[in-house]
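Asker: For the sequence shown, this note's numbering begins at 180 and goes up steadily by one.
Note that the Cβ used here is the ideal one computed from N, Cα and C, for glycine as well.
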Amino acid sequence: MSSSLDPEVRPTPIPEGAVINAAADGPPAGRLWIGAVGAGLAAGLVAWSVGEGLLVAYH
């Protein structure tokens, strides 16, 4: 919440011709894909294990 006494904050202007590289701020996409595949495999393994346990329990 701002009052009328607070100075207005303005973003610094980007110089003309400046290159903005937004991709450099985050992790590489390859690392994200590896993590997503690993998480999917782990979830599949857990689901398979639970299913096998239920089959054994109710057989």
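For I193, does the three-state DSSP call read helix, strand or coil?
Answerer: Position 14 of the sequence shown, counted from the start, is the residue given in the question as residue 193. Coil.
Asker: Does DSSP put V188 in a helix, a strand or coil?
Answerer: Numbered from 1 along the sequence shown, position 9 holds the residue referred to as residue 188. V188 falls in the coil class under three-state DSSP.
Asker: Work out the CA separation of R189 and G219 for me, nearest whole Å.
Answerer: Position 40 of the sequence shown holds residue 219. Position 10 of the sequence shown holds residue 189. Going from the Cα of G219 to the Cα of R189 covers about 44 Å.
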